[in-house]
């Protein structure tokens, strides 16, 4: 089963169009939604969560087609939005008191374990938390009601490197259970590169690709050669070319270049930037 | 929905303390100036608007968006705010009526019928104010709906102030005024304004649910 399925989803705002978006998140996997600011990542997440209405297409979440708000299996979904959304005056224990009366499967022990791990102070109102602490609180709530699907919108933004590492580790732990899946959007590609099984590139409302991360790494590579050698390559093999006084740098399709070329792995971020510029 | 109400109660405890001060000041004033209904009306009117204040805080903290990701329906989100509104109106009304009853007993003009009539009228004014305002808030959001809020609050306050000066109080010492008031109270059964208030709330909630179910939050 796919944890998420979007088929030909469209949404138009004045000056923006999310165009014919089709992507899938297989159960037990992590899908990273990569895109620059305004690419349509948050719009996609809001469409999945039925916060905004789609103009066309079909969306299924955990095997259930979403037509109206009540179709969404919210008990099984943990969500962290870019602004978190927890009321500013609440303390950690008050947040718990609210959430345990919202979620049927609320697990107080798990919430206490995660808040202790994240060193979240009780007695301090949420508005006094740093952005990192706010994100950690949102993540603690999302992980404390036995969700099967996590949807995280820019959830690692604002976290310091140590905290980011803790969060990444926690999300990896979450997907050890094969029925658990994660959709995570970010423009910090390095986080997603560490975490994701699949990546989807969004650019100006269009899906450039949605592919398994390892397949991408197998398919594309970086190579340095002379300009003359570069000229002899099949044009469709070259994704990106940069001529410098020291030689020519290329990002290429591995299967379309001579076998003797010394190809090194290309980073997801590099690949995204190149593809975005090409488009 | 219980979780939503608990969250609103936490927020009220933090942000609505000023309402408590207004309530105390106005109710104290009502014991000093018994000819003015306004001092009894106004706190109820204002407390009926607490849901709007809570909605404003929800928008500021982006709770309005977050709540849609939780296992509660849009209908429950709307209903929660109406329950908070009805609760605050009833509690304020109860306190106002207790103080009014004490004033009547002191003036020797205690009448259950008149007290109920007064309670009904105050409830109706507060319920109407809240009921007219809330659908706009759920349709447009507090930021855009703020103008409606000020217009409705201003119009209702002016209306109540005018009425309180035109209609004599039961504690008016002249026998003629007391007789007028008694006859007015007798003409309007207490249950009518209560029913009008309840009907306004029911219709308003239906509208708010419809508006909120269609609203896009981004």
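Chains as they are written, first to last, in the numbering used here: chain W, 336 to 614; chain D, 1320 to 1537. No residue lacks a Cβ here, since even glycine has one placed at the ideal position from N, Cα and C.
| Asked | Found |
| --- | --- |
| Residue 460(W) - partner residues in DSSP beta bridges | Answer is none; residue 460(W) lacks a bridge partner. |
| Classification of residue 422(W) by the beta-carbon crowding that lies within 10 angstroms, buried from 16 upward | buried |
| Short Cβ contact (9 Å threshold) for residue 1509(D) with residue 1439(D) | yes |
| C-alpha gap between residue 486(W) and residue 1531(D), whole angstroms | 23 Å |
| Contact check, residue 1449(D) vs residue 1414(D), beta carbons under 9 Å | no |
| Other residues of its chain near residue 366(W): CB distance less than 6 Å, five sequence neighbours each side excluded | 360, 518, 533 |
| CB contact check: residue 1376(D) to chain W, cutoff 9 Å | yes |
| Nearest neighbour of residue 1529(D), chosen from 1453(D), 1481(D), 1516(D) [CA to CA] | 1453(D) |
| Three-state secondary structure (DSSP) of residue 606(W) | helix |
| Cβ-based contacts, 9 Å cut-off: residues of the region 1331–1347 of chain D near chain W | 1332, 1333, 1334 |
| Residue 412(W): first and last residue of the uninterrupted beta strand (DSSP E) it sits in | 412–415 |
| Below-9 Å beta-carbon distance, residue 1325(D) vs any chain W residue | yes |
| For residue 521(W), the three-state DSSP class (helix, strand or coil) | strand |
| Positions along the region 418–440 of chain W whose CB lies within less than 8 Å of some CB in chain D | 418, 419, 420, 421, 422, 423, 424, 425, 429, 432, 433, 434, 435, 436, 437, 438, 439 |
| Rounded separation between residue 1447(D) and residue 483(W) - CA only | 44 Å |
| Counterpart residues of residue 342(W) in DSSP-defined beta bridges | 393(W) |
| Residue 1423(D) beta carbon near the ligand ADP (any heavy atom closer than 8 Å) | The ligand ADP is absent from the structure shown, which contains no ligand whatsoever. |
| Paired residues, beta bridge with residue 547(W) - DSSP | 533(W) |
| 9 Å Cβ cutoff, residue 1386(D) in contact with chain W | yes |
| Contact list for residue 386(W) against chain D, beta-carbon separation under 9 Å | 1384, 1387, 1388, 1535, 1536, 1537 |
| With 16 other Cβ atoms within 10 Å as the buried cut-off, status of residue 472(W) | buried |
| Minimum Cβ-Cβ distance from residue 1532(D) to chain W less than 9 Å | yes |
| Burial state of residue 1401(D) (16 or more Cβ within 10 Å) | buried |
| Same chain, Cβ closer than 7 Å to residue 372(W), neighbours up to 5 away in sequence not counted | 522 |
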